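Under UniProt numbering, think of the first position of the sequence shown as 1, with each following residue one higher. All remarks here apply to the structure that follows.
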Amino acid sequence: MQAKWRPVWEKLDPFKAKDDGSAERRYALTMFSYPSGDLHMGHAEVFALHDVLSRYWFQQGYDVLNPIGWDSFGLPAENAAIKRNEHPATYTYANIEVQAESIRRYAMSFDWSKRLHTSDPEYYRWTQWLFTRFYERGLAYRKASYVNWCPNDQTVLANEQVVQGRCERCGFEVTKRELTQWYFKTTEYAQRLLDDMDQLQWPEEILLQQRNWIGRSEGAFAEFQVEGRSEPIRVFTTRPDTLFGATFLVVAPDAKLAADLVTPEQQGAFDEYLRAVKATTEIERLSTDRDKTGVFLGSYAVNPVTGQRIPIWAADYVLADYGTGAIMAVPGQDSRDWEFAEKFDLPIIRTVQPEEGFDGKAFTGDGPAINSSNAELKLDGLEVAEAKSRTIDWLEEKGLGERTINFRLRDWLLSRQRFWGAPIPIIHCPACGEVPVPDDQLPVELPDLRGSDLSPKGVSPLAAARDWVEVACPKCGGAAERDTDTMDTFVDSSWYFLRYLSPEYTEGPFDPGMADRWMSVYQYVGGKEHAVLHLLYARFFVKALHDMGLLKVVEPFTRLLNQGQVINQGKSMSKSLGNGVNLGDQLDEFGVDAVRLTMVFAGPPADDIDWADMSPGGALKFLQRAWRVAGAVESPVGTDPAGGDVALRRVTHKTVADASELIDSMRFNVVIARIMELVNATRKAIDSGPGAADPAVREAVEATAILLSLVAPYTAEEMWEELGHEPTVAKAGWPKVDPALLVDDTVTCVVQIAGKVKDRLEVAPDITDAELEQLALASEAVQKALDGRGTRKVIVRAPKLVNIVPA
């Protein structure tokens, strides 16, 4: 069937968007693939689920945009090129062609005219153009700081790319390293990223992850004067009402502030401690069950509300990139501070009255303020909300602080010390500083490096390509050098859905008219592992582009569907575990349609699929049965089904109506169950009912073929041809539903005596209470159960229930 239908579909090209205003537009999008090899079982699942929706919308008559492309920059290709002594493009584009062939075999409803690859110069020209626009608006900047460093991949990582202290790509433990790097100012959009979630029809799990990652906190900055220093320490706190309990300050040891505050007497101890901290992962530093460590910096500050002299310590449980890199320690109300105070014998003052019976250490709950008054600010006895408000008012009045909002979200570190990515389009000039590459000189293409020249050296391999690095400054013409870092591949994927709209457009990154017509993406399908990576970055990008006047929308993806994982024998598939399943082998053995059907029928889309429990062989048998039913139809094409068997017609129309509701609610597996029931009913009608010549049989089989086209396109096309129709079934149109056939002729009414079921009656749906009561009392089973007794009460709920209370 594959050899037969693929050329037909390619000639007809049925899945191109018309974009002519003749129908409502829907943009269908699945997260695009990385070309690391052939398709795997995960691809098979996400593609099958995505195709149900896109093909359904085509059948419904929507104008559907459903593009295809590859996220083709990145480390795997570069590492493979080093091993093979070749250029990364060789590996990348060879794998793309392998995947493209497999996707065509898998019969996806993609519009191949929209195909793109992020490693094409025509694409990354516009990635660089967008970077330049971000730079001009102050959204791209360069700074020196301690960053996440992967010693295996020899590159920096964004916070979002560190999972439990390890590199999300290779799994190596991440360390800290001080480097000058490029950032996108995602923090400028923190509040809008939160506010605009109201527009999103996304799984609550994903929205919650983003809310937690952004981490909005309301509170205040409080200023602590430092002895011998003119500049105060600004500390952010969500509980300014507890200032009276701040008995010491803690500074992140890797923050510049710590180096500024350490006294000469403490310098040696501090340096030794800092070396130990740099060898510790951020996850370890934040662990709650880890013994507290720290070093006294030798400096003192003054508590703004008590006037008390308090010591300043450096401790690794405070992070340099959160707030100001310093916290006020309130051990009476914070468990970490309590543990630190106990270990280093520092004062502990409670400022919140613990609840009755509390026998713990730090009390982290709410309660009235205690030990919290001075001559001007009296908080004792106040509840938290009022105490916070009064404290902030007092701080602002005295010029010692201010109301503020803080976010956990940090700016996006986007530069990478690797070759296979979009070069950052900045030239460094001794006289002019940072100079963006002029638009007419874009793209800045990668030089021809390969093999050992690509080996990671702690700096970008591009730095060694001197002919490429050394250029004239675009401003002054003097000797200058290109920036040698490349961009994180998440930059490429933060806007690819816009380039899909017009991949051949040369006047900008995308055609504004196309963006106005098609954005936002109506339905996005992909993995939940990108909750605070791609999905957050893309939202940031779209908001920035909106502010630049390039987009009208403020969100990229309206609806989101996350698929589960395909596992085997209860575990993730792995060669080392010996439980890997090769998709190609499954397709060869059972066929594309059986694998697709199995994926969709396995359960709700978000659930994991254990392939060991699946039955593609069973799916194949069902598809063969459906195809045989098509071959049994005897009525000619165009026969009016109105005179056909009513019972079968009811099943057909209910199946179609149910399928629409079920697809809209993402219950695809139930749709498959309904199709199976329809095939069974049709087979029964042929074998023991009105027969194969009945027009209701043709109607049922045609509906079956159209519904099956969403998941089993090869089988559906065979059935459609067997029924006498021209290809393609993919554009046959969704079957019309007759509302009259959705109404049951009869309803089952349960008759109870004293709450126990005694009979069931088939009655008309519109039967009256009086008519139903008369029928129930006349029932032979009811009369026998009453055994001559009268009735004290009859409760009727037409048409489904009669409850008789005997005398």
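Built from N, CA and C at the ideal position, the CB exists for glycine as well. Predicted model, so just to flag it, every value in this text is computed and none were measured.
Other residues of its chain near residue i: CB distance less than 8 Å, five sequence neighbours each side excluded
i, result
"Ser-572", "Gln-565"
"Arg-350", "Gly-245, Gly-332, Gln-333, Phe-363, Ile-370 and Asn-371"
"Leu-139", "Phe-184, Lys-185, Glu-188 and Ala-544"
Under the three-state DSSP convention, the category residue i falls into
i, result
"Glu-445", "coil"
"Ser-415", "strand"
"Tyr-537", "helix"
"residue 808", "Because the chain spans 1 through 807 in this model, residue 808 falls outside it and cannot be assessed."
"Met-487", "strand"
"Pro-253", "coil"
"Thr-247", "coil"
"Asn-680", "helix"
"Gly-578", "coil"
"Lys-143", "strand"
"Thr-364", "coil"
"Met-719", "helix"
"Tyr-27", "strand"
"Tyr-93", "helix"
"Phe-296", "strand"
"Met-599", "helix"
6 Å Cβ shell around residue i - same chain, five flanking residues per side excluded
i, result
"Arg-408", "Gly-215"
"Lys-278", "Lys-176"
"Trp-126", "Pro-509"
"Asp-547", "none"
"Ala-387", "Asp-241, Ala-369 and Leu-379"
"Tyr-91", "Ala-77, Ala-80 and Ala-81"
"Trp-420", "Phe-73, Ala-77, Glu-78 and Pro-88"
"Leu-200", "none"
"Ala-258", "Val-251 and Ala-314"
"Asp-610", "Ile-567"
Closest by C-alpha distance to residue i, when choosing among the options
i, options, result
"Trp-468", "Ala-479, Gly-458 and Lys-475", "Ala-479"
"Val-747", "Ala-764, Val-737 and Ile-753", "Ala-764"
"Arg-137", "Phe-363, Thr-247, Leu-53 and Pro-436", "Pro-436"
"Ser-460", "Thr-484, Lys-475 and Pro-447", "Thr-484"
"Gly-458", "Thr-180, Ala-140 and Arg-390", "Thr-180"
"Ile-103", "Thr-132, Lys-793, Glu-122 and Trp-70", "Trp-70"
"Ala-375", "Ser-119, Thr-306 and Glu-188", "Thr-306"
"Lys-292", "Asp-345, Glu-231, Gly-325 and Arg-309", "Asp-345"
"Tyr-135", "Gly-788, Gln-783, Asp-610 and Leu-414", "Leu-414"
"Cys-429", "Arg-416, Glu-470 and Trp-394", "Glu-470"
"Thr-247", "Glu-342, Val-743, Gly-219 and Gly-171", "Glu-342"
"Val-729", "Leu-577, Val-743 and Leu-708", "Leu-708"
"Gln-161", "Glu-529, Ile-96 and Ser-576", "Glu-529"
Buried or exposed by the 16-neighbour rule on C-beta atoms within 10 Å, applied to residue i
i, result
"Thr-242", "buried"
"Pro-264", "exposed"
"Gly-294", "buried"
"Thr-238", "exposed"
"Arg-275", "exposed"
"Arg-84", "exposed"
"Glu-717", "buried"
"Ala-472", "exposed"
"residue 862", "This structure leaves residue 862 out entirely; the chain is present only between 1 and 807."
"Asp-488", "buried"
"Ser-665", "exposed"
"Ala-740", "exposed"
"Asp-411", "buried"
"Cys-476", "exposed"
"Ala-619", "buried"
"Ile-310", "buried"
Residues of its chain near residue i, where Cβ-Cβ distance is below 7 Å and the 5 sequence neighbours each way are ignored
i, result
"Ala-798", "Ile-767, Thr-768, Asp-769 and Leu-772"
"Thr-281", "Gly-165, Glu-173 and Val-174"
"Val-52", "Val-600, Ile-663, Phe-668, Leu-710 and Val-711"
Min CB distance residue i to chain C below 8 Å
i, result
"Arg-650", "Any reference to chain C falls outside this structure, which holds one protein chain only."
Count Cβ pairs between the segment 602–615 and the segment 634–641 that sit closer than 8 Å; are there 3 or more?
no
Is the segment 493–509 touching the segment 533–547 in the sense that three or more CB pairs, one from each, lie closer than 8 Å?
yes
Counting beta carbon pairs with one atom in the segment 411–427 and one in the segment 439–446, are three or more of them shorter than 8 Å?
yes
Counting pairs of beta carbons, one from the segment 691–699 and one from the segment 20–27, are three or more of them closer than 8 Å?
no
Count Cβ pairs between the segment 111–120 and the segment 396–404 that sit closer than 8 Å; are there 3 or more?
no
Report yes or no: do three or more beta-carbon pairs, one from the segment 587–604 and one from the segment 652–665, lie closer than 8 Å?
no
Would the segment 556–563 and the segment 140–157 be scored as touching if the rule is three or more Cβ pairs under 8 Å?
no
Could you tell me whether the segment 726–739 touches the segment 754–764, using the rule of 3 or more Cβ pairs below 8 Å?
no
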